[in-house]
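For reference, the structure discussed in these notes is given below.
Protein chains in written order, with our numbering: chain P, 1 to 417; chain V, 1 to 417.
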């Protein structure tokens with residue numbers, strides 16, 4: 001079967017499945033999630049065998065070790081995936097919640113009720129755990145899902161999807177509610193991005209290149225995730241010990257994620273006191289430093305930052321550092337280079353804190369905390385399908401409610417207009 | 001200046017304006033709206049003169065009378081536009097509302113606060129009142145707006161925008177907060193759809209062709225509005241008098257709008273009792289009837305409906321009528337042909353009402369009322385920028401809150417992760 005036919009079939013069946021999923025009780029959905037978890041554990045050896053093919057291919061193609069490690073599945077990691085499904089089962093069901101309700105002037109009782117989005121397309125890169133995670137979250141929110149994983153993980157994803165889709169079906173979830181695009185042909189992504197007839201939304205999860213491809217080519221509505229050029233601004237009134245701890249944590253604790261800091265902004269009045277120790281600490285931790293001329297004065301390891309460094313999402317132990325003359329200059333810098341993900345000010349000044357939070361346009365705006373907290377689990381959502389960097393529909397960490405829509409349910413007794 | 005340069009300039013200035021608009025108080029925004037209203041009234045003669053050029057061009061190009069009437073501006077209509085702005089001023093300001101707030105496990109105080117979307121692009125067709133309405137709603141919700149009206153109304157739109165933009169600027173609204181694309185070149189629309197750097201969302205308002213063009217070509221997120229293939233299902237338990245009133249109202253009261261009924265579904269058990277009178281009443285009202293074979297039995301004026309009639313948004317005194325054997329068949333028909341705008345069941349049966357409201361996937365699902373109520377004003381929103389037929393971000397009538405996004409404002413005292 002060619003991939004267009006497969007996609008059309010999967011889309012049509014998913015749309016039918018979505019109609020049934022929308023009316024399933026929480027009990028049925030949770031039973032399915034628990035059965036999927038159990039099935040993953042029971043079938044771990046066949047999943048590991050499939051994964052071994054992906055690992056062998058990756059090694060033959062010279063994939064770097066850290067990426068191979070991300071791809072690897074073993075019994076412990078499969079157990080972790082299963083536990084993830086159990087956690088999703090334990091979360092409250094967003095579907096059916098009445099968000100608001102009122103009676104209009106004609107006596108119509110209008111309720112705004114949370115309903116599933118319908119059919120969600122997820123396009124993602126190598127980690128096979130996303131397959132399970134995305135399928136579980138979509139199912140809990142009453143959505144059908146069409147998954148399109150990276151070619152490096154195709155054998156793992158195929159094995160994992162077969163196991164969880166069968167377990168779901170066996171517990172009463174309609175056929176086709178969880179589907180995986182079987183081809184690794186890139187044209188299938190292009191076709192998926194035009195599948196408006198069946199897909200209600202596409203969520204890309206991966207690097208900047210993937211996100212850009214999806215945003216530029218999709219006619220299906222997209223929730224853009226991920227890119228984070230996050231700043232921390234050390235105000236002239238900052239507690240400098242606190243500032244050092246936060247700025248160090250924001251860069252070094254996990255540099256490869258989107259909520260890590262990429263640029264440190266320091267008020268000129270505290271630069272001489274703050275920067276020498278701070279820069280030395282980064283240097284000791286192996287952070288490559290790229291700064292403005294002023295910053296370069298305070299540590300010999302600092303190289304001159306270029307214009308492109310201010311806009312870079314390094315995702316690595318690299319930091320851009322700039323000394324600014326004022327809060328206004330910090331706000332201008334952030335407005336110019338931020339991807340509107342997470343921004344922080346370290347300050348003891350009430351008015352500066354207030355202005356920063358009001359004027360910075362980003363999903364999460366912090367006072368005196370690390371940007372690393374922008375995360376569905378840290379926020380207490382108990383789940384995360386991604387972090388939206390767009391303003392439409394969802395912004396910031398997306399949990400189950402962000403995988404839903406609404407409908408107006410209206411009861412009358414003969415009203416005409 | 002070529003249109004690409006103009007658009008880029010307008011986008012850049014609008015983005016700067018949006019930063020300031022986001023922090024303006026309700027008082028300032030309301031003063032601007034009232035000043036805009038006053039300026040429209042004071043400058044009505046120059047607007048009428050500009051409008052006369054559009055009317056002359058329309059007559060020369062042979063535009064049908066009803067469309068010319070839609071295009072016409074006179075003192076009374078300008079007064080109505082001004083009153084619309086005053087109504088927007090009287091509405092509650094959505095910006096700054098704290099939607100929810102909590103403390104996370106690390107002691108971070110997290111608030112989810114309503115903020116403007118940023119810069120909104122509105123692409124619309126001939127009615128010049130949309131210019132004022134859209135500008136007013138966007139301003140009240142703290143957004144900058146770039147308006148792109150139809151070429152038929154370019155002189156009217158230019159005059160109206162000049163008046164309201166100046167009045168807004170004079171009361172403290174930043175320059176460029178309200179802008180109109182000055183060219184009627186269609187390429188400007190294409191360029192606007194790719195203006196991701198400056199536009200946060202595009203809302204098309206107009207016919208199916210315009211909406212399709214925008215959805216298929218925009219890389220900026222879109223809120224799709226408008227198309228309504230709405231059904232009314234007369235259940236076997238319906239109060240047939242009520243059913244007749246509702247079904248007549250839904251088709252005839254204003255056939256050219258998206259919430260008008262396009263297809264009437266009738267349960268076979270009541271067809272013989274219900275349809276003869278109903279069809280005769282439609283016939284008397286000048287409604288062209290297109291039905292299934294079963295429907296054709298009940299009135300000689302009924303022509304055979306084709307497959308395309310079931311999917312048609314007639315926006316006219318034309319109605320498709322189908323007799324169905326069951327609620328299930330009605331639900332299947334609606335799932336197959338509905339545009340998920342507004343759907344109604346007329347019934348006295350509790351379980352049928354419940355099933356219909358749960359299983360029909362549409363923005364508004366009615367029991368015993370006319371679909372014509374799907375409207376921001378009828379819902380009591382006090383405003384309407386359009387009716388969303390997509391599931392992402394907004395669904396159904398869109399008022400001021402639908403022109404907003406959120407941000408997380410987070411206060412800590414040194415938290416690191």
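C-beta atoms are modelled at their ideal positions from N, C-alpha and C, and glycine is treated no differently.
Asked: Chain P residues whose Cβ lies nearer than 7 Å to that of residue 358 (chain V); Found: 23
Asked: Sequence ranges, alpha helix (DSSP H) only - wholly within the stretch 37-84 of chain V, length at least 4; Found: 44-60 and 65-71
Asked: Below-8 Å beta-carbon distance, residue 407 (chain V) vs any chain P residue; Found: yes
Asked: Closer than 8 Å to chain V by CB, residue 396 (chain P); Found: yes
Asked: Positions along the stretch 230-244 of chain V whose CB lies within less than 7 Å of some CB in chain P; Found: 242
Asked: When V:48, V:99, V:65 and V:60 are compared against residue 76 (chain V), the one with the closest alpha-carbon; Found: V:48
Asked: Residue interval of the beta strand (DSSP E) (run including residue 233 (chain P)); Found: 230-234
Asked: The beta strand (DSSP E) enclosing residue 156 (chain V), as first and last residue numbers; Found: Counting along the chain, residue 156 (chain V) falls outside any beta strand (DSSP E), though it belongs to the alpha helix (DSSP H) covering 154-170.
Asked: Bridge partner(s) assigned by DSSP for residue 411 (chain P); Found: P:109 and V:367
Asked: Buried or exposed (CB count within 10 angstroms, at least 16 for buried), residue 388 (chain V); Found: buried
Asked: Sufficient close CB pairs (3 or more, under 8 Å) joining the stretch 251-267 of chain V to the stretch 307-319 of chain V; Found: yes
Asked: Within 8 Å, strictly: CB atoms of residue 309 (chain V) and residue 290 (chain V); Found: yes
Asked: Opposing strand residues paired with residue 420 (chain P) [DSSP bridges]; Found: It is not possible to answer for residue 420 (chain P), since the shown part of chain P is limited to 1 through 417.
Asked: Reference residue 360 (chain P), options V:370, V:410, V:191 and V:374, closest by Cα; Found: V:410
Asked: Own chain partners of residue 86 (chain P) with C-beta closer than 8 Å, once the 5 adjacent residues on each side are dropped; Found: 33, 34 and 37
Asked: 8 Å Cβ cutoff met for residue 73 (chain P) and residue 51 (chain P); Found: yes
Asked: Chain V contact for residue 181 (chain P) (CB, 8 Å cutoff); Found: no
Asked: Chain V residues whose Cβ lies nearer than 7 Å to that of residue 379 (chain P); Found: 104 and 110
Asked: Under the three-state DSSP convention, the category residue 128 (chain P) falls into; Found: coil
Asked: Interface flag, residue 366 (chain P) vs chain V, CB-CB below 8 Å; Found: yes
Asked: Spatial neighbours of residue 100 (chain V) in its chain, beta-carbon cut-off 8 Å, leaving aside the 5 residues before and after; Found: 111 and 112
Asked: Ranges of the beta strand (DSSP E) found wholly within the stretch 288-333 of chain V, counting only runs of at least 3; Found: 288-291 and 318-324
Asked: Cutoff 8 Å: residue 361 (chain P) Cβ touching any chain V Cβ; Found: yes
Asked: is_contact[residue 328 (chain V), chain P] using C-beta, thresh 8 Å; Found: no
Asked: Burial state of residue 59 (chain V), where buried means 16 or more other Cβ atoms lie within 10 Å; Found: exposed
Asked: Residue 264 (chain P) in three-state terms, based on DSSP; Found: strand
Asked: Members of the stretch 75-87 of chain P that neighbour chain V once the beta carbon cut-off is set at 7 Å; Found: none
Asked: Residue 142 (chain P) at chain V interface by Cβ criterion, 8 Å; Found: no
Asked: Contact check, residue 362 (chain P) vs residue 163 (chain P), beta carbons under 8 Å; Found: no
Asked: Short Cβ contact (8 Å threshold) for residue 325 (chain V) with residue 271 (chain V); Found: no
Asked: Paired residues, beta bridge with residue 201 (chain V) - DSSP; Found: V:120
Asked: Nearest residue (CA-CA) to residue 21 (chain P), options P:137, P:124 and P:131; Found: P:137
Asked: Where residue 362 (chain V) falls: helix, strand or coil (DSSP); Found: coil
Asked: Span separating the alpha-carbon of residue 342 (chain P) from that of residue 219 (chain V); Found: 24 Å
Asked: Near the ligand NAD: residue 335 (chain V) beta-carbon under 7 Å from a heavy atom; Found: As far as ligands go, the structure on display features none, and thus does not contain the ligand NAD.
Asked: Spatial distance of residue 383 (chain P) from residue 3 (chain V) (CA atoms); Found: 46 Å
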